[in-house]
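Take a look at the structure below.
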Amino acid sequence: MIASSPSNHPLGAVTDFSRAGRPLDLACARLKSAGLRITQPRVAIIEALIRREHPVSIEQLHHDLANDACDLVTVYRCLAVFEELGLVRRCFFHNGTGLYEINLNDSHHHHIVCKSCGKVERIDASFTENTERILRERGYEQVTHLVEFFGVCPACQKKTAEFSPLPAASITR
Ligand SMILES: [Zn+2]
1 MIASSPSNHP
11 LGAVTDFSRA
21 GRPLDLACAR
31 LKSAGLRITQ
41 PRVAIIEALI
51 RREHPVSIEQ
61 LHHDLANDAC
71 DLVTVYRCLA
81 VFEELGLVRR
91 CFFHNGTGLY
101 EINLNDSHHH
111 HIVCKSCGKV
121 ERIDASFTEN
131 TERILRERGY
141 EQVTHLVEFF
151 GVCPACQKKT
161 AEFSPLPAAS
171 ITR
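Just so we're aligned: 2 in our numbering is position 2 of the sequence shown, and the numbers increase by one with no gaps anywhere.
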């Protein structure tokens, strides 16, 4: 089968690893420098995280992996190791589900998660960095934070509006 046309094929849009300087190589280098082995399940999980680009649940991630690449427990274990290493970052959906995303360049950011469709967008983190700086100035050490935003995205609002009855004004002739 011929690869990589931007088609509707489920893998069509997600096989482009070339544009960001080989993220898989970067990730493997991080594993190596931490003294960790480059195993097939680890590579498969990292590739799946890179393809997703946005935070993903463990179940979604497991579903993304090729048949029998590894079982769910292995995914849990690998993600725990990656998180410890700072290679993945965990955030949380509004129902408390943990979501994981690859963290290769250490750009700190937060997310806005749509409560309706689950779409995740990045938002700038300068406000929390500023707060952490202030807290350190006040003498706090090992300052961390956990900040997520939740809302209903414009697309979902539009969908809801389309399904609700027309306002009286719009059906007058
Ligand atoms: Zn939405």
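Beta carbons: idealized from backbone N, C-alpha and C, even for Gly. For clarity, every value in this text was computed on a predicted model and none was experimentally measured.
Rounded to whole angstroms, the gap between the alpha carbons of residue 38 and residue 26 is 12 Å. Between the C-alpha atoms of residue 95 and residue 51 there is a straight-line separation of about 24 Å.
Among the bridge pairs identified by DSSP, residue 109 is matched with 124. In this structure, the alpha-carbon of residue 87 lies about 14 Å from that of residue 76. Annotation: the continuous beta strand (DSSP E) that includes residue 90 extends over 88 to 92. When the five nearest sequence neighbours on each side are left out, the beta carbons in the same chain lying within less than 7 Å of the beta carbon of residue 78 are those of 41, 42 and 45, in order along the chain. Between ligand 1 and residue 161, a heavy atom-to-CB distance of less than 7 Å is absent. Taking each of 28, 32, 97 and 34 in turn and checking the Cα distance to residue 55, the smallest one comes out for 97. A contact between stretches requires three or more CB pairs, one per stretch, nearer than 8 Å, and the region 27 to 36 fails this requirement with the region 64 to 74. Taking 7 Å as the cut-off, the C-beta of residue 164 does not count as close to any heavy atom of ligand 1. In the structure shown, the three-state DSSP call for residue 117 is coil.
If you draw a straight line from the Cα of residue 143 to the Cα of residue 89, it comes to about 16 Å.
The residues 110, 111, 112, 113 and 123, in chain order, have a CB closer than 8 Å to that of residue 149 in the same chain once the five nearest residues on each side in sequence are set aside. The three-state reading of DSSP puts residue 102 in strand, counting E and B together.
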